[in-house]
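>
Number of protein chains: 2
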Amino acid sequence: MAKSDRISSATDQRESGRLQVISAIRKAAEIARIDIAKKTGFSPATVTSITSELLAAGLIEEVTADEASRDSKRGRPRVALKIRGKAHWVAGIKVSNRTATVALMDFVGDTFAEYETPLPHSQLSGEAMVSFICDTLKMAAERAGIAVEDLSGLGVGVAGIIDAPRGFVYWSPSMTERNVNLRNLIEAQIPLPVFIDNDANLVAKAEQLFGLGKSYRDFIVVTIEHGVGMGIVIDGQIYRGTRGCGAEFGHTKVHLNGALCRCGQRGCLEAYVADYAVLREANIVGFATGNDSFDDKLDKLFRDAKAGEPTARSIFQRAGTMFAMGLANIVNIFDPELIILSGERMQFDYLYADEVLEVMKNSVVQVDAPLPQVKIHKWGDLMWAKGAAAFAMEGVTERAIRKISHDVLQH
Amino acid sequence: MAKSDRISSATDQRESGRLQVISAIRKAAEIARIDIAKKTGFSPATVTSITSELLAAGLIEEVTADEASRDSKRGRPRVALKIRGKAHWVAGIKVSNRTATVALMDFVGDTFAEYETPLPHSQLSGEAMVSFICDTLKMAAERAGIAVEDLSGLGVGVAGIIDAPRGFVYWSPSMTERNVNLRNLIEAQIPLPVFIDNDANLVAKAEQLFGLGKSYRDFIVVTIEHGVGMGIVIDGQIYRGTRGCGAEFGHTKVHLNGALCRCGQRGCLEAYVADYAVLREANIVGFATGNDSFDDKLDKLFRDAKAGEPTARSIFQRAGTMFAMGLANIVNIFDPELIILSGERMQFDYLYADEVLEVMKNSVVQVDAPLPQVKIHKWGDLMWAKGAAAFAMEGVTERAIRKISHDVLQH
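Sequence lines, in order, name chains A and B.
Position 41 of the first sequence, counted from 1, bears residue number 41 in the numbering used here, the numbering being contiguous throughout.
Position 249 of the second sequence, counted from 1, bears residue number 660 in the numbering used here, the numbering being contiguous throughout.
1. Can you list the alpha helix (DSSP H) stretches of 4 or more residues lying completely in the region 734 to 808 of chain B, in chain order?
2. Given this structure, state the Cα-to-Cα distance separating residue 514/B from residue 796/B, to the nearest angstrom.
3. Taking CB distances under 8 angstroms as the criterion, tell me whether residue 276/A reaches chain B.
4. Give me the chain B residues within the contact set of residue 26/A, using Cβ-Cβ distance strictly less than 8 angstroms, ordered along the chain.
5. Contact check, residue 743/B vs residue 248/A under 8 angstroms by CB: the rounded distance?
6. Does the Cβ-Cβ distance between residue 101/A and residue 119/A come in under 8 angstroms?
7. Pull up the distance between the alpha-carbon of residue 461/B and that of residue 435/B, whole angstroms please.
8. Using the beta-carbon of each residue, which ones in chain B are nearer than 7 angstroms to residue 246/A?
9. Could you tell me the boundaries of the alpha helix (DSSP H) in which residue 557/B lies?
10. At the level of alpha carbons, what is the spacing between residue 494/B and residue 472/B?
11. Does the contact criterion of 3 or more C-beta pairs under 8 angstroms hold for the region 587 to 605 of chain B versus the region 560 to 572 of chain B?
12. Got a sec, what are the start and stop residues for the alpha helix (DSSP H) residue 693/B sits in?
13. Which term fits residue 516/B, buried or exposed, when burial requires 16 or more other beta carbons within 10 angstroms of its beta carbon?
14. Taking the continuous alpha helix (DSSP H) assigned at residue 717/B, which residues delimit it?
15. Closest Cβ-Cβ distance between residue 854/B and chain A: below 8 angstroms?
16. Leaving out the 5 sequence neighbours to the left and right, which residues in its chain are closer than 6 angstroms to residue 187/A when beta-carbon positions are compared?
17. Going by the CB atoms, is the gap between residue 227/A and residue 201/A shorter than 8 angstroms?
18. Just to make sure I have the definition right: I need the residues of chain B whose C-beta is within less than 8 angstroms of the C-beta of residue 391/A. Which are they?
19. What are the uninterrupted segments assigned as alpha helix (DSSP H) that are 4 or more residues long and contained completely in the region 74 to 124 of chain A, given in chain order?
20. How far does the alpha helix (DSSP H) with residue 187/A in it reach, from first residue to last?
21. Name the two residues that bound the continuous alpha helix (DSSP H) containing residue 47/A.
22. Rank 723/B, 448/B, 661/B, 714/B by C-alpha distance to the C-alpha of residue 571/B and give the top, closest one.
23. On the DSSP letters alone, give me the boundaries of the alpha helix (DSSP H) that residue 614/B sits inside.
24. For a cutoff of 8 angstroms on Cβ pairs, would you count residue 733/B as touching chain A?
25. Should the region 617 to 629 of chain B be regarded as contacting the region 300 to 317 of chain A, the criterion being three or more beta carbon pairs within less than 8 angstroms?
26. Taking the alpha-carbon positions, what's the residue 405/A to residue 15/A distance?
27. Using C-beta distances below 8 angstroms, list every residue in its chain close to residue 547/B, excluding the 5 sequence neighbours before and after it, in chain order.
28. In chain order, what residues of the same chain lie with their CB nearer than 7 angstroms to the CB of residue 450/B, ignoring the 5 residues before and after it?
29. So residue 365/A contacts chain B; which residues on that side make the cut at Cβ distance below 8 angstroms?
30. Does the Cβ of residue 121/A have 16 or more other Cβ atoms within 10 Å, making it buried, or fewer, making it exposed?
31. Between the alpha carbons of residue 646/B and residue 310/A, how many angstroms are there, rounded?
32. Do residue 588/B and residue 537/B come within 8 angstroms of each other at the CB atom, strictly closer than that value?
33. Quick one: list the residues of chain E neighbouring residue 89/A, beta-carbon separation under 7 angstroms, in chain order.
34. Considering only C-alpha positions, which residue in the set 788/B, 631/B, 545/B is nearest to residue 595/B?
35. Given this structure, state the Cα-to-Cα distance separating residue 5/A from residue 554/B, to the nearest angstrom.
36. So residue 336/A and residue 220/A are supposed to be a Cβ contact under 8 angstroms. How far apart are they, rounded?
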């Protein structure tokens with residue numbers, strides 16, 4: 001949900017000011033105080049005061065800008081500020097349907113270690129999921145030569161319906177139980193604050209901080225892998241809905257009483273577009289039988305389609321057309337600046353084919369203004385883990401900022 | 412688009428503070444300074460300073476609270492603040508497909524005059540629309556015993572695709588031309604600032620200020636009359652999208668290559684749910700032929716359905732089911748606190764029938780948390796005109812607030 005623009009108490013204002021300064025520094029990588037003032041609209045005096053606090057807290061550091069960025073008129077070196085990488089380290093874990101991927105990230109946002117391990121089963125109980133996540137985190141830390149205690153936070157991304165503010169999992173395809181307070185359970189096992197979100201929201205977070213969404217206030221991310229997900233960024237904030245179960249693009253209905261979905265309902269977009277939906281069709285015509293793995297079957301079907309096999313083509317074409325219709329609905333509702341199509345699965349090659357985007361264009365409300373941009377960003381589980389780490393970093397940053405207020409009040 | 416929460420220059424902060432105080436007063440009708448401090452989070456000193464400015468500018472006034480609300484412990488009368496009704500008067504015009512309705516409103520938000528007049532034709536050229544709006548405004552003012560010059564602003568609501576920040580009409584079913592800068596054209600004719608928006612956004616604005624949305628930060632309004640509209644309120648702001656053509660719920664596709672819509676595309680929700688869509692079906696079976704008016708035909712069809720005539724029932728049932736599917740998609744995407752179904756046309760009785768809401772519930776992502784509330788709010792053109800007036804009032808308030816900053820800088 002978008003953040004309130006209500007100016008609150010003086011402390012809140014000061015914290016909001018610090019957050020804006022630190023995020024301006026993060027965005028710019030290196031930036032002089034005077035440019036922070038320009039970006040934030042704060043007075044130079046306020047920027048000096050806030051940056052002193054951030055320097056004292058060890059969250060940022062000074063750098064002397066290199067030759068290239070010297071003040072060309074006067075020729076003297078300018079002092080810039082940057083995030084202090086060692087200030088905090090965070091971990092992000094993405095639990096996908098077969099593996100878990102971990103990214104360890106410093107406070108600048110640089111990933112200094114990665115780790116991947118298979119899930120013991122495709123679905124785990126709440127308890128087993130907690131043990132698995134904690135063990136995976138420990139192993140990743142050990143491999144990187146650090147202790148879990150050296151970290152300041154853990155971000156966890158799981159597929160499903162998550163109430164992020166509560167760290168509560170209503171339902172996840174990776175879990176056998178519903179209604180698990182995953183955050184509390186993990187925090188009982190490790191000495192770190194834990195931040196949990198829907199994996200598609202974490203991709204949106206990663207796109208916003210490191211990816212194609214960097215310079216946009218409003219954009220939509222659509223992810224396709226085993227399911228279809230969506231992350232909505234409005235006014236620079238992830239929009240989550242009231243109960244944490246908005247942005248369920250994959251379960252919007254595109255056909256009344258249509259194809260059966262994994263969720264048990266009918267006509268969901270996912271039931272036409274996700275990999276299982278494509279293989280269901282292939283099965284009917286005997287294309288995807290036998291003992292090949294799920295991925296191998298999908299690969300073969302895709303190769304057949306590419307080679308011009310009419311039924312295989314028709315399967316992907318239907319998926320693509322339904323996907324185009326879903327995308328057009330997103331444009332008709334959000335009219336965003338940018339839509340990012342994100343994911344790693346290969347049917348994507350089909351789903352963003354020119355003809356699919358053409359169908360989308362023809363289903364969008366027609367005005368004499370350019371259409372929203374649609375950009376493709378393929379990435380794997382590691383980027384999702386980075387999104388989880390970035391989510392943790394946000395939480396850790398907010399805590400660090402609040403700690404400054406607390407320390408100030410103590411003195 | 413949601414407003415940025417960026418704290419900007421000192422002047423902006425001061426203006427934002429004034430806006431928050433005035434809107435706290437507007438919301439409460441009457442409120443003591445200390446309660447404004449509680450609501451806004453400002454210090455009592457800041458509230459005193461801001462309210463002095465607002466009093467000096469004549470935007471608010473002091474009232475001595477009545478007996479009932481006296482401070483019970485000390486028994487002395489408390490001084491409260493209220494909006495000064497005479498500070499500004501605004502007009503709102505809603506242009507519907509057959510009539511235009513005008514509401515004249517004081518600064519408190521009370522409507523002190525209404526006026527309705529038929530459109531000369533169902534579609535007007537840009538020039539004819541401007542003349543019609545200006546003439547209607549003059550007539551409404553004259554009837555109310557005031558001059559157009561006594562007003563501080565005019566809000567205009569038209570159906571169609573409107574870029575509100577520019578006052579630009581991409582397309583309207585009420586106009587023969589596309590791409591009309593309606594605001595500039597009207598402002599060239601009358602000495603008032605003009606504010607133009609999509610009619611559904613104005614209903615959302617009216618619901619937010621005077622209606623069922625008063626205590627919600629996030630809600631969705633769906634309007635059904637000649638078309639299907641939507642207004643999205645996120646974090647207290649109307650969300651409009653990048654080009655001003657978001658929230659086109661009526662043109663989201665609910666069936667691939669489905670029924671033909673007035674917009675020329677196929678499968679739009681509107682093409683199943685709007686009044687013309689219902690009559691199209693009725694025509695097929697000879698139910699809505701003859702020389703009766705459009706409204707009379709619709710009335711008769713509805714009476715037949717209510718009386719149990721199977722084909723008439725089936726027509727409304729299909730519309731209702733498609734509507735339920737569309738509503739479920741809104742819940743799946745926005746997970747809002749509240750959905751308000753708003754409009755005046757009678758098929759609504761069918762569209763919010765319990766069985767329709769039941770279908771909606773079964774198409775929503777299932778979590779163990781209560782569903783968003785769905786509330787019905789029937790109203791006529793006058794309420795839409797009030798929404799247009801409220802939109803103008805917002806603009807006029809912002810101008811008045813900026814004028815204070817300007818006046819302060821002059822001294």
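By construction, the Cβ of each residue, glycine as well, lies at the ideal position given by its N, Cα and C atoms.
Source: prediction; values computed, not measured.
A quick look at the data gives this:
1. 759 to 762, 765 to 773
2. Residue numbering aside, residue 514/B sits at position 103 when the second sequence is read from its first letter. Residue numbering aside, residue 796/B sits at position 385 when the second sequence is read from its first letter. For residue 514/B and residue 796/B, the distance between alpha carbons rounds to 6 angstroms.
3. For this step, residue 276/A is matched to residue 276 along the first sequence. Taking Cβ atoms only, chain B never reaches closer than 8 angstroms to residue 276/A, which makes this a no.
4. As a working note, residue 26/A is residue 26 in the first sequence. The contacting residues do not exist; residue 26/A stays about 15 angstroms from chain B at best.
5. Position 332 of the second sequence holds residue 743/B. Position 248 of the first sequence holds residue 248/A. Rounded, the Cβ-Cβ distance is 4 angstroms, consistent with contact.
6. Numbered from its first residue, the first sequence carries residue 101/A at position 101. Numbered from its first residue, the first sequence carries residue 119/A at position 119. Against a cut-off of 8 angstroms, the Cβ pair of residue 119/A and residue 101/A comes out as no contact.
7. As a first step, residue 461/B must be located in the second sequence, where it is residue number 50. As a first step, residue 435/B must be located in the second sequence, where it is residue number 24. C-alpha separation (whole angstroms): 12 angstroms.
8. Taking the first sequence and counting its residues from 1, one reaches residue 246/A at position 246. By Cβ distance, chain B contributes 744, 745, 746.
9. Numbered from its first residue, the second sequence carries residue 557/B at position 146. That residue, residue 557/B, is in no alpha helix (DSSP H); it is neither H nor E in DSSP.
10. What you label residue 494/B is simply residue 83 of the second sequence in a count that begins at 1. What you label residue 472/B is simply residue 61 of the second sequence in a count that begins at 1. Near 6 angstroms, if we compare the C-alpha coordinates of residue 472/B and residue 494/B.
11. yes
12. Along the second sequence, read from residue 1 onward, the residue named residue 693/B stands at position 282. From DSSP, the alpha helix (DSSP H) with residue 693/B extends over 686 to 695.
13. Sequence index remark: in the second sequence, residue 516/B carries index 105 (1-based). Buried, because 16 or more other Cβ atoms sit within 10 Å of the Cβ of residue 516/B.
14. In the second sequence, counting from the first residue as 1, residue 717/B sits at position 306. Unbroken alpha helix (DSSP H) run through residue 717/B: 705 to 717.
15. The structure shown does not extend to residue 854/B, since chain B is modelled only from 412 to 822, so the question has no answer here.
16. The count along the first sequence starts at 1 and reaches residue 187/A at position 187. Cβ neighbours of residue 187/A beyond the five flanking positions: 194.
17. Walking along the first sequence from the start, residue 201/A turns up at place 201. Walking along the first sequence from the start, residue 227/A turns up at place 227. No, these two residues do not count as a Cβ contact at 8 angstroms.
18. Residue 391/A sits at position 391 when you count from the first residue of the first sequence. Those within 8 angstroms of residue 391/A in chain B number zero; the least Cβ separation is about 19 angstroms.
19. none
20. On the first sequence, residue 187/A is found 187 positions in, with the first residue counted as 1. That run of the alpha helix (DSSP H) goes 182 to 187.
21. The residue labelled residue 47/A in the question sits at position 47 within the first sequence. It spans 44 to 56 - the alpha helix (DSSP H) in which residue 47/A sits, taken as one unbroken run.
22. Mapped onto the second sequence, residue 571/B falls at position 160. Comparing Cα-Cα distances from residue 571/B to each of 723/B, 448/B, 661/B, 714/B, the minimum goes to 661/B.
23. Taking the first residue of the second sequence as 1, we reach residue 614/B at position 203. Where residue 614/B is concerned, the enclosing alpha helix (DSSP H) stretches over 610 to 621.
24. Position 322 of the second sequence, counted from the first residue, corresponds to residue 733/B. Interface residue, yes.
25. no
26. The sequence position of residue 405/A within the first sequence is 405, counting from 1. The sequence position of residue 15/A within the first sequence is 15, counting from 1. Using only the alpha carbons, I get a separation of about 7 angstroms.
27. Sequence index remark: in the second sequence, residue 547/B carries index 136 (1-based). Excluding sequence neighbours, residue 547/B sits near 504, 511, 513, 526, 528.
28. Walking along the second sequence from the start, residue 450/B turns up at place 39. Same-chain partners within the cutoff: 435.
29. Residue numbering aside, residue 365/A sits at position 365 when the first sequence is read from its first letter. Simply 572, 656, 659, 662, 674.
30. Stepping through the first sequence from its first residue, residue 121/A is reached at position 121. Under this definition residue 121/A is an exposed residue.
31. As a first step, residue 646/B must be located in the second sequence, where it is residue number 235. As a first step, residue 310/A must be located in the first sequence, where it is residue number 310. Going from the Cα of residue 646/B to the Cα of residue 310/A covers about 49 angstroms.
32. In the second sequence, counting from the first residue as 1, residue 537/B sits at position 126. In the second sequence, counting from the first residue as 1, residue 588/B sits at position 177. It is a contact, given that the beta carbons lie within the stated cut-off.
33. Any reference to chain E falls outside this structure, whose protein chains are A and B.
34. Your numbering for residue 595/B matches position 184 in the second sequence. Considering only alpha carbons, the answer is 545/B.
35. As a working mapping, residue 5/A is identified with position 5 in the first sequence. As a working mapping, residue 554/B is identified with position 143 in the second sequence. Low confidence applies to residue 5/A: its pLDDT is 36, below 50, so where it sits in the model is not reliable, and the reading given next is rough at best. Approximately 41 angstroms between the Cα atoms of the pair.
36. Here residue 336/A is taken as the residue at index 336 of the first sequence, counted from 1. Here residue 220/A is taken as the residue at index 220 of the first sequence, counted from 1. 5 angstroms between Cβ atoms; contact.
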